[in-house]
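Heads up: the structure comes next, in structure tokens.
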Amino acid sequence: MPKPRSETGDKNFISDRLKSLRKEHHMSQRELATRLQLLGMDIDKNVITRIETNKRYVTDIELQALAKIFGVSYEALIDGVDKP
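So, in structure tokens, the structure goes:
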């Protein structure tokens, strides 16, 4: 069975928001990968590139780690809008 994709064929909803948050925090892809590694994620710079270019799925565990690093909610990562 094929993995699900969005209506537009995307593999994740966070690609644009992740790139935007990373740049807002003046963080390179390598720096983000290092921070994720410190949280126990097996992620390198190439994985960040694949997520940001929508060529890789994101697990719930990775989503949780990204939200923690950027201090945002899951909704902010997925929808681009934080709950009030």
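Be aware that the sequence shown starts at 1, since it is given in full-length UniProt numbering, and climbs by one per residue. Note that CB positions come from ideal geometry on N, CA and C, so glycine has one too. If you're wondering where the values come from, they're calculated on a predicted model, not measured in any experiment.
Note to self: Quick check on the DSSP output: the alpha helix (DSSP H) that includes T49 runs from which residue to which?
What the structure shows: Within the sequence shown, the letter at position 49 stands for residue 49. Here the alpha helix (DSSP H) through T49 covers 45 to 52.
Note to self: If you follow the alpha helix (DSSP H) that L32 is in, where does it begin and where does it stop?
What the structure shows: Locating residue 32 in the sequence shown gives position 32, counting from the first residue. Note, L32: alpha helix (DSSP H), 29 to 38.
Check: Do you know how far the Cα of S15 is from the Cα of T53?
Finding: Start at 1 with the first residue of the sequence shown, and residue 53 comes out as number 53. Start at 1 with the first residue of the sequence shown, and residue 15 comes out as number 15. Note on geometry: alpha-carbon atoms of T53 and S15 lie some 6 Å from one another.
Note to self: Tell me which residue opens and which closes the alpha helix (DSSP H) that S15 is part of.
What the structure shows: On the sequence shown, position 15 is the one that residue 15 refers to. That run of the alpha helix (DSSP H) goes 15 to 24.
Check: Are I48 and A33 touching if we call contact CB-CB under 9 Å?
Finding: One-based indexing of the sequence shown puts residue 48 at position 48. One-based indexing of the sequence shown puts residue 33 at position 33. Taking 9 Å as the Cβ cut-off, I48 and A33 qualify as a contacting pair.
Check: Residue range of the alpha helix (DSSP H) that Y74 falls in?
Finding: Within the sequence shown, numbered from 1, the residue matching residue 74 stands at position 74. Per DSSP, Y74 belongs to the alpha helix (DSSP H) from 74 to 79.
Item checked: CA nearest to the CA of Y74, picked from N46, I43, R17, Q37 -> For the purposes of this step, residue 74 is taken as the residue at position 74 of the sequence shown. Nearest C-alpha to Y74: R17.
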